[in-house]
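A quick write-up on the structure given underneath.
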Amino acid sequence: MKLGFIGLGRMGKNMVLNLAEKGHRVIVHNRSPGPMKEVEAKGAIPTQNFKELTAQLDSPKIVWLMVTSSAIDEMLKKLVPYLQQGDIVIDGGNSYFEDSIKRAISLEKKGIHFLDCGTSGGIDGARHGACLMIGGNKEVFKKAELVFKELAAKDSYAHIGQSGAGHFVKMMHNGIEYGMMGALAEGLELIHKKQPEFNIDMHAVTKVYANGSIVEGKLTKLLEKGLKRGDFEAIVGSVPKGETEDEMLKLERLGNLKILRQSRLMRKKTRKNPSYAGKIIALLRNEFGGHAVNVDK
Numbered sequence: 034m035k036l037g038f039i040g041l042g043r044m045g046k047n048m049v050l051n052l053a054e055k056g057h058r059v060i061v062h063n064r065s066p067g068p069m070k071e072v073e074a075k076g077a078i079p080t081q082n083f084k085e086l087t088a089q090l091d092s093p094k095i096v097w098l099m100v101t102s103s104a105i106d107e108m109l110k111k112l113v114p115y116l117q118q119g120d121i122v123i124d125g126g127n128s129y130f131e132d133s134i135k136r137a138i139s140l141e142k143k144g145i146h147f148l149d150c151g152t153s154g155g156i157d158g159a160r161h162g163a164c165l166m167i168g169g170n171k172e173v174f175k176k177a178e179l180v181f182k183e184l185a186a187k188d189s190y191a192h193i194g195q196s197g198a199g200h201f202v203k204m205m206h207n208g209i210e211y212g213m214m215g216a217l218a219e220g221l222e223l224i225h226k227k228q229p230e231f232n233i234d235m236h237a238v239t240k241v242y243a244n245g246s247i248v249e250g251k252l253t254k255l256l257e258k259g260l261k262r263g264d265f266e267a268i269v270g271s272v273p274k275g276e277t278e279d280e281m282l283k284l285e286r287l288g289n290l291k292i293l294r295q296s297r298l299m300r301k302k303t304r305k306n307p308s309y310a311g312k313i314i315a316l317l318r319n320e321f322g323g324h325a326v327n328v329d330k
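Sequential numbering of the sequence shown, starting at 34, is according to the numbering used here.
Right, here's the structure in full:
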C-alpha cells in the first residue's frame with residue numbers, strides 16, 4: 034500500500050512508524066525535518082514539498098493529514114493543486130465537524146473525496162493500533178479501508194456515517210473523556226484528602242481500581258502507571274489549555290451536557306487555583322497524549 038502522510042507530530046509520527054513497520058510505502062512531509070529523519074530511518078520516504086509527495090503516489094492518491102485543526106485549510110490550499118479527480122484526502126485530526134462537512138462539499142466540487150477520521154488511543158495507540166471513527170461517502174471509505182485497517186487495533190475502526198460524522202463522534206468521545214477524567218480526579222482528590230486519617234496507600238488504590246473494578250479501563254491503567262512516576266509530586270496542579278477545549282464549549286451548546294460542562298470548568302479553575310485534581314488530569318493527559326505539564330522547579 035502507498036500512502037501520503039502530512040504531519041509528523043506526536044500522533045502522526047507514531048502512525049507512520051506503525052505503517053512503515055508493516056512494510057507499507059509511506060511518503061511523508063513535515064514542516065520541520067527532524068521527525069522526517071526519524072521515520073526515514075524506519076522506511077518512510079521524506080519529501081520536501083507536496084508536489085514531490087503526490088508525484089510518488091499511485092492513482093487514486095490517498096493523502097492523510099495529521100495536523101492541528103487550525104492548519105487544515107492551509108494544508109488543503111497547498112495540496113489540492115497536485116490532486117486529481119478521484120483522489121482521497123483523510124483528515125485524521127481534531128477538526129470541528131461542521132468544518133469537515135464544508136471541506137467535504139468544497140472538495141467534492143473538484144472531484145476530490147474527503148473522509149473525516151476521528152482518531153483515539155493516544156500516542157501508544159498511534160504506534161500499535163488506534164481507534165478510528167470515519168465519516169464520509171461509504172464507497173470512498175471502502176476504497177481507503179485498508180489504510181484504516183492497518184492503522185487500527187482489532188475491531189477498532191468503523192465507518193460511522195456521512196461527512197462530519199467521524200469528527201462529531203470523536204468530539205463527543207472527547208467530551209465523555211473529559212467527564213471520566215474529571216470523575217477520577219475529584220474522587221482521587223477526596224481520597225488524598227483523607228489519606229492522613231486512614232493512612233491510605235495511593236498507589237494501592239490506583240492498582241485495585243485499574244485491575245478488575247467496575248471503573249477499570251485505559252484511564253485507570255494510565256493513572257496507576259502515572260502515580261509511580263518519579264516526577265508526580267512535582268507536577269503543578271493546573272491543567273494547561275488543550276486543543277479540544279474550545280470545541281467542548283461548542284459541544285455543550287448542542288445538548289444538555291452538564292457533566293462535560295463541569296469537567297471543563299474544573300480544568301479552567303485549576304489555572305487560578307491549582308489542585309490535586311488538577312495534578313491527576315495533567316498527569317493523565319501527559320500519559321496518553323504527551324501533553325505538556327507544568328512542574329515545580
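All C-beta atoms in this analysis are idealised placements derived from N, C-alpha and C, irrespective of residue type, glycine included.
All of these numbers come straight from a predicted model, not from anything done at the bench.
Which of helix, strand or coil DSSP assigns to residue i
i    : result
H324 : coil
D234 : coil
H57  : coil
A310 : helix
P79  : strand
L290 : coil
K142 : coil
G162 : coil
A74  : coil
K16  : Missing from the structure shown is residue 16; the chain here goes from 34 to 330 and no further.
Y242 : helix
Y129 : coil
G151 : strand
V122 : strand
S189 : strand
K35  : strand
L41  : coil
G67  : helix
G194 : strand
L98  : strand
G169 : coil
Classification of residue i by the beta-carbon crowding that lies within 10 angstroms, buried from 16 upward
i    : result
H62  : buried
H161 : exposed
E331 : The structure shown does not extend to residue 331, since the chain spans only 34 to 330, so no value can be given for it.
R300 : buried
D329 : exposed
G144 : exposed
V173 : buried
L293 : buried
I313 : buried
K94  : buried
L287 : exposed
S196 : buried
F231 : exposed
A159 : buried
K46  : buried
G311 : buried
Same chain, Cβ closer than 7 Å to residue i, five either side skipped, listed in chain order
i    : result
Y115 : F83, K84 and T87
G155 : F321 and G322
V100 : I39, G40, M108 and G126
K55  : E183
Minimum C-alpha distance to residue i - residue among the options
i    : options                   : result
K274 : M235, A315, C164 and G215 : A315
C164 : H206, A177 and K171       : H206
L317 : S271, R136 and L98        : S271
Y309 : M48, L223 and I193        : L223
K110 : I95, L140 and K187        : L140
M48  : V122, E178 and A185       : A185
L256 : S102, R286 and V238       : V238
E210 : E266, K251 and S189       : K251
H192 : D157, D149, G311 and A218 : D149
I134 : S189, R64, T253 and I167  : I167
A177 : G208, I247, I123 and N244 : I123
G194 : N244, E73 and K171        : K171
D120 : K142, E249 and D106       : K142
R304 : K291, V269 and T253       : V269
N289 : T277, K254, G259 and G208 : G208
6 Å Cβ shell around residue i - same chain, five flanking residues per side excluded
i    : result
Q89  : I60
G215 : S296 and M299
A104 : none
A137 : F147 and S196
Chain-order list of residues whose beta-carbon lies under 8 Å from that of residue i (same chain, five-residue window excluded)
i    : result
Q228 : M235
L36  : L52, H57, R58, V59, I60, L90, I95, V96, W97 and V180
Check: residue i C-beta below 8 Å from any heavy atom of the ligand ATP
i    : result
Q195 : With respect to small molecules bound, the structure shown includes none, and the ligand ATP cannot be examined in it.
query: Okay, do the stretch 277 to 286 and the stretch 316 to 324 touch, 3+ Cβ pairs below 8 Å being the bar?
result: For the pair of segments examined, the stretch 277 to 286 was found not to touch the stretch 316 to 324: the number of CB pairs separated by less than 8 Å stays below three.
message: Using 8 Å as the cut-off, can you tell me whether the stretch 197 to 211 makes contact with the stretch 118 to 137, which would need three or more C-beta pairs spanning the two stretches below that distance?
response: yes
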